[in-house]
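Trainee:
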Amino acid sequence: MKQGYNIAVIRGDGIGPEVLSEGKKVLDAVSELDNFELEWIEYPHGAEHYLNTGELINEATLKELEQHCDAIYFGSIGDPRVEPGVLEQGILLTIRFYFDQYVNLRPVKLLEGVHTPLAGKGPEDIDFSVVRENTEDFYVGIGGRASGKAVKRDELEVVRNIYNVKFGLDIETDADELAYQIGVVTREGCERVMRFAFELARQSGKNKVTSVDKANVLTHGYGLWREVFEEIAKDYPDIDTGFNFVDAICMWFVKNPEWYQVIVAPNMFGDIITDLGAMIQGGLGLAPGGNINPDGVSMFEPIHGSAPKYKGKGVSNPIATIWAGAMLLDDLGEKEASEKVLDAIESVLRVGKVKTLDLGGKAKTSEVGDAIAKEVKR
0 MKQGYNIAVI RGDGIGPEVL SEGKKVLDAV SELDNFELEW IEYPHGAEHY LNTGELINEA
60 TLKELEQHCD AIYFGSIGDP RVEPGVLEQG ILLTIRFYFD QYVNLRPVKL LEGVHTPLAG
120 KGPEDIDFSV VRENTEDFYV GIGGRASGKA VKRDELEVVR NIYNVKFGLD IETDADELAY
180 QIGVVTREGC ERVMRFAFEL ARQSGKNKVT SVDKANVLTH GYGLWREVFE EIAKDYPDID
240 TGFNFVDAIC MWFVKNPEWY QVIVAPNMFG DIITDLGAMI QGGLGLAPGG NINPDGVSMF
300 EPIHGSAPKY KGKGVSNPIA TIWAGAMLLD DLGEKEASEK VLDAIESVLR VGKVKTLDLG
360 GKAKTSEVGD AIAKEVKR
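Numbering that gives the first Met the number 0 puts the first residue of the sequence shown at 0, with every later residue one more than the last.
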């Protein structure tokens with residue numbers, strides 16, 4: 000009897016639907032080859048659904064995903080008809096927080112056949128993973144504004160699976176206007192993502208984990224981050240450790256990317272450095288990501304945006320989405336199938352005949368998906 004998996008599909012906006020179709024195409028090809036079944040369950044959430052119904056994503060849908068789906072395959076989010084942040088916070092971040100997807104995993108790997116803007120660097124130099132904490136820091140979404148000479152009382156709350164925290168702020172100011180954003184870093188949040196990073200290093204045969212912070216300036220939150228990292232590192236004496244301030248690691252990514260194997264970073268800094276990582280591996284069209292809860296439902300997506308100006312033109316690069324599908328398979332335990340998908344991606348890129356516009360080619364989105372699916376079968 001075949002192993003079967005239920006996969007939720009949220010295509011989202013812009014180029015999301017078309018790149019996700021290519022991801023499904025490739026995953027269906029490898030599932031047939033490796034004798035397991037993928038049941039795709041489509042959900043409508045995105046700009047069109049929101050504009051038509053006023054709904055982002057409700058709790059009933061989230062519970063349905065939790066009870067019936069093994070993973071979520073996500074396209075992209077964002078539409079110029081909707082105010083920036085509404086869809087991202089109301090759908091993407093809501094899913095991350097509801098399922099406590101506390102790890103954002105980003106492989107930064109230069110594949111053969113892909114050009115990097117870094118002179119003198121090749122695939123042997125750019126091959127590391129960034130483990131980004133995914134539920135804390137300044138992304139908890141609490142803050143506000145005050146203006147004039149008003150006295151303001153603000154009640155702010157963060158609710159997570161592992162803790163609740165409330166802030167009661169008395170704000171008195173004579174500034175014309177000010178805005179405040181509160182970041183939260185907890186010991187529990189640090190510990191679990193750091194252990195994930197060290198375990199990832201062990202499982203993948205790596206021997207170094209580098210922590211990113213800005214503890215020399217933001218001493219409270221990132222001071223705690225650094226303290227916890229030093230404590231966790233003691234449980235992994237076989238793994239070397241290092242520290243980089245976020246500004247320094249941006250510099251070293253460009254100069255010496257070969258120094259890095261596994262990197263663990265708080266939410267905001269991880270968001271910044273993974274986009275830089277995408278550029279040195281060839282561009283956002285090649286950059287997949289996973290939002291992972293090791294004990295729950297995880298979500299996989301390309302890290303690029305919805306690129307509405309390219310919607311429906313069939314010129315977008317689907318490789319980031321296909322690669323995210325390979326990560327999804329690995330998360331399900333289908334490691335051999337995952338490796339076959341990544342090998343097929345690299346084989347097509349190495350030959351170089353089927354490339355989209357961003358990689359200097361003229362191939363359509365569907366032609367890239369077809370070529371990779373064919374290579375999987377071959």
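Idealized CB from N, CA, C, for every residue including glycine.
1. Kindly indicate which residue of A145, V157 and E333 has the alpha-carbon position closest to the one of Y138.
2. Quick check on the burial criterion: 16 or more other C-beta atoms within 10 angstroms. Buried or exposed for Y49?
3. Quick check: the Cα distance between I248 and M326, rounded to an integer number of angstroms?
4. Let me confirm a value: I231 is counted as buried when at least 16 other C-beta atoms fall within 10 Å, else exposed. Which label applies?
5. Just grab the DSSP bridge partners of K108 for me.
6. Out of L32, L341, A7 and K165, which has the shortest C-alpha to C-alpha gap to E379?
7. On the DSSP bridge list, what partners appear for V157?
8. Between the Cα of S337 and the Cα atoms of G74, D329 and A200, which residue gives the shortest distance?
9. Grouping DSSP H, G and I as helix and E and B as strand, with all else coil, what is S315?
10. On the three-pair Cβ rule with 8 Å, is the segment 101 to 116 touching the segment 125 to 135?
11. If I141 and T93 are in contact, beta carbons under 8 Å, what's the gap, nearest whole angstrom?
12. If V375 and V8 are in contact, beta carbons under 8 Å, what's the gap, nearest whole angstrom?
13. Check the C-beta distance from A196 over to Q260 and give it rounded, since I have them as a contact under 8 Å.
14. Helix, strand or coil, according to DSSP, for S297 in the structure here?
15. Count the other CB atoms within 10 Å of the CB of K213; is the residue buried (16 or more) or exposed (fewer)?
16. Could you tell me which residues DSSP pairs with G289 in its beta bridges?
17. Between which two residues does the beta strand (DSSP E) containing V398 stretch?
18. Going by alpha carbons, who is nearest to S20 out of K352, L109, G360 and S315?
19. By Cβ distance, which residues of its chain are closer than 8 Å to R225, with the 5 residues on each side in sequence left out?
Mentor: For this structure:
1. When each option's Cα is compared against that of Y138, the closest is V157.
2. With at least 16 other beta carbons inside 10 angstroms of its own, Y49 counts as buried.
3. Distance between the alpha carbons of I248 and M326 is about 25 Å.
4. The residue in question, I231, is buried, as its Cβ has 16 or more Cβ neighbours within 10 Å.
5. According to DSSP, residue pairing for K108 in a beta bridge involves D126.
6. One cannot answer for residue 379 here, as it falls past the ends of the chain, which runs 0 to 377.
7. Bridge partners of V157: V164.
8. For the residues G74, D329 and A200, the minimum Cα distance to S337 belongs to D329.
9. The three-state reading of DSSP puts S315 in coil, since its state is none of H, G, I, E or B.
10. Yes, the segment 101 to 116 is in contact with the segment 125 to 135.
11. I141 to T93, Cβ: 15 Å. No contact.
12. Wrong, their Cβ atoms sit about 19 Å apart, outside the cutoff.
13. Their Cβ separation, rounded to whole angstroms, is 10 Å, which puts A196 and Q260 out of contact at 8 Å.
14. Strand, per DSSP.
15. Under this definition K213 is a buried residue.
16. Per DSSP, L104 and F299.
17. With the chain represented from 0 up to 377, any question about residue 398 goes unanswered, as that position is not in the structure.
18. Just measuring C-alpha positions, the residue of K352, L109, G360 and S315 sitting nearest S20 is S315.
19. Around R225: S210, D212, A214 and F242.
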